[in-house]
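*Asks:* Right, I'll just put the structure down here and ask away after.
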Amino acid sequence: MTLTTERRAEPEAEPRKPKRRKSTQVQDTRVDRVFMVGVYILLGTFLLVVLVPLANILASSFSSPAAVAGGRVFLWPVDFSLVGYEAVLSNKAILTGFGNSVFYAVVGTVVSVSLTVMIAYPLSRAELVGRKVLIGGVLFTMLFSGGLIPTYMVVRALGLLDTRWAIILPTAIAAWQVLIAMTFFRSSIPGELYEAAQLDGASDLRFLWSVVLPLSKPLLAVIALMYGIGQWNSYFSALIYLRSEDLYPLQLVLRELLIVNNSGGSNLADQLAAQQMADLMKFSLIVVSTVPVLLVYPFVARHFTKGVMLGSVKG
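Residues 3 to 317 (our numbering) make up the sequence shown, in order.
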């Protein structure tokens, strides 16, 4: 006798429905929405306040001298012309000033960043003897300074008047940048790295060059941008310490063009034409002096926020 066993068909299990996760997002109240609308309106207003003058300068630089002098340019070029840029690029004083500004910005930034790191890194080490006194001295310079006349006398005593170093050295170190770098080194460079380097026989200078600086690229980008923009836009130091026009930076040339009245000839027509060209060159020169900063900024912008925030909160 053959026994057959039939296997009962089991009912198919129903697919489980995924559980809905409770939303953790906080619903904005009406007051919050009204507040955010006000914030966007305020930010949009500030954006227009900044962009409208820039658009006007850019449009004026591509307009004709008569349109600029007549005040007919607002946000779009009138009688499109490149005469202003041709005059700027053919002016020897402007080209010399542009080259001087590049030199002051590049060399000054390298010197400033190097000196800032040399000061900030030792101050970030807890084992430095007299560290608190030195930090107090750095903070003191943020509140008090010798003033213009004593600084001028020091520069003159060092023989730096009417030299390129008079623009670079007196403003080479800023206390605020030193504090930013010191805070970054203290909070972002672990002490265990220093101990491991000591066990491997690395000197302090080798540790700074091989470990600290590669880990501090965001910080270096931030302080380099601060120093570079400061040097590029500076004209007061050149106005005080320089006498040779061959050493004038571009900003001082721009100042001379904006302030000094130009007379183009003996008759009224020549003077009017010269004045119209001078007005046009002002706008063209402003654009030319702004372009280098706009070209450099995108390369360091991604490091800017990270470099500022790292070290601001100690975790």
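Beta carbons: idealized from backbone N, C-alpha and C, even for Gly.
Taking the alpha-carbon positions, what's the Arg208 to Ser116 distance?
*Replies:* Approximately 15 Å between the Cα atoms of the pair.
*Asks:* Expressed to the nearest angstrom, what Euclidean distance is found between the alpha-carbon atoms of Ala280 and Leu259?
*Replies:* Those two C-alpha atoms are separated by around 7 Å.
*Asks:* Quick one: what's got a C-beta closer than 8 Å to Leu254's C-beta in the same chain, skipping five residues either side?
*Replies:* Here the set comprises Gly99, Tyr237, Ala240, Leu241, Leu244.
*Asks:* Check Asp281 in the structure and name its three-state DSSP category.
*Replies:* Looking at Asp281 - three-state DSSP - the assignment turns out to be helix.
*Asks:* Restricting to Cα atoms, I'd like to know which of Val119, Leu171, Ala128 is closest to Pro192.
*Replies:* For Pro192, the nearest C-alpha among the options comes from Ala128.
*Asks:* Around the Cβ of Gln200, are there at least 16 other Cβ atoms within 10 angstroms (buried) or fewer (exposed)?
*Replies:* The residue in question, Gln200, is exposed, as its Cβ has fewer than 16 Cβ neighbours within 10 Å.
*Asks:* Candidates Leu296, Val289, Pro300, Val295: which alpha carbon is nearest Ile2's?
*Replies:* Since the first residue of the chain shown is 3 and the last is 317, residue 2 is not available in this structure.
*Asks:* Ala223 to Ala68, Cα distance in whole Å?
*Replies:* For Ala223 and Ala68, the distance between alpha carbons rounds to 43 Å.
*Asks:* Along the chain, where does the alpha helix (DSSP H) containing Val52 start, and where does it finish?
*Replies:* Its alpha helix (DSSP H) spans residues 32–63.
*Asks:* Could you tell me whether the segment 71–83 touches the segment 211–230, using the rule of 3 or more Cβ pairs below 8 Å?
*Replies:* The segment 71–83, when compared against the segment 211–230, does not touch it at the 8 Å Cβ threshold.
*Asks:* Are Ala122 and Val180 closer than 8 Å when you measure CB to CB?
*Replies:* Yes, they are a contact pair.
*Asks:* To the nearest angstrom, report how far apart Val113 and Phe82 are at their CA atoms.
*Replies:* Rounded to the nearest angstrom, the two C-alpha atoms are 43 Å apart.
*Asks:* Here's the rule I'm using: 16 or more other beta-carbon atoms within 10 Å means buried, otherwise exposed. How should Tyr106 be labelled?
*Replies:* Label assigned to Tyr106: buried.
*Asks:* Run through DSSP, which three-state label would Gln29 get?
*Replies:* The answer is coil: DSSP assigns Gln29 none of H, G, I, E or B.
*Asks:* Return helix, strand or coil for Asn102, following the three-state DSSP convention.
*Replies:* If DSSP states are grouped into helix, strand and coil, Asn102 belongs with the helices.
*Asks:* Do you know offhand how far Met184's Cα is from Ser126's?
*Replies:* Roughly 5 Å between the two C-alpha positions.
*Asks:* Work out the CA separation of Gly149 and Thr292 for me, nearest whole Å.
*Replies:* Computed Cα separation, rounded: 30 Å.
*Asks:* Below 8 Å on the Cβ atoms is my guess for Asn102 versus Pro251; work out the distance and round it to an integer in Å.
*Replies:* About 5 Å; that satisfies the 8 Å criterion.
*Asks:* Assuming Gln277 and Gly110 are in contact, meaning their beta carbons sit under 8 Å apart, how far apart are those beta carbons, in whole angstroms?
*Replies:* Between Gly110 and Gln277 the Cβ distance is about 35 Å, and since that is not below 8 Å, they are no contact.
*Asks:* Could you pull out every residue in the same chain whose Cβ sits closer than 8 Å to the Cβ of Val85, ignoring the five residues on either side in sequence?
*Replies:* Excluding positions up to five away in sequence, the list reads Ser66, Pro67, Met279, Leu282.
*Asks:* Run the CB neighbour count on Phe285, radius 10 Å, all protein chains shown included, and call it buried at 16 or more, exposed below.
*Replies:* Buried.
*Asks:* In terms of residue numbering, what span does the alpha helix (DSSP H) encompassing Glu194 cover?
*Replies:* Here the alpha helix (DSSP H) through Glu194 covers 193–201.
*Asks:* As a quick exercise: from Val298, Leu249, Leu297, Leu221, pick the residue whose alpha carbon is nearest that of Thr118.
*Replies:* Out of Val298, Leu249, Leu297, Leu221, Leu221 has the C-alpha closest to the C-alpha of Thr118.
*Asks:* Whose CA, out of Gly138, Val108, Asn235, lies closest to the CA of Trp178?
*Replies:* The residue with the shortest Cα to Cα distance from Trp178 is Gly138.
*Asks:* What is the rounded straight-line gap between the Cα of Val140 and the Cα of Glu194?
*Replies:* Whole-angstrom Cα-Cα distance: 27 Å.
*Asks:* Taking all protein chains shown into account, do 16 or more other C-beta atoms lie within 10 angstroms of the C-beta of Pro246, making it buried, or fewer, making it exposed?
*Replies:* Reading off the sequence shown, one finds Ser at residue 246, where the question assumed Pro. It counts as exposed.
*Asks:* Taking only three categories from DSSP, how would you classify Trp167?
*Replies:* Here Trp167 sits in helix by DSSP.
*Asks:* Use the C-beta contact count for Thr159: other C-beta atoms within 10 angstroms, 16 or more gives buried, fewer gives exposed.
*Replies:* According to the sequence shown, residue 159 is Ala rather than Thr. Counting Cβ neighbours within 10 Å, Ala159 comes out exposed, since fewer than 16 surround it.
*Asks:* Using beta-carbon positions only, say whether Leu256 and Leu296 come within less than 8 Å of one another.
*Replies:* Not a contact, by the Cβ cut-off of 8 Å.
*Asks:* Between which residues of its own chain and Val70 is the CB-CB distance below 6 Å, once the five residues before and five after are set aside?
*Replies:* If we look at Val70 and ignore the five residues flanking it on each side, its Cβ neighbours are Ser62, Asp281, Leu282.
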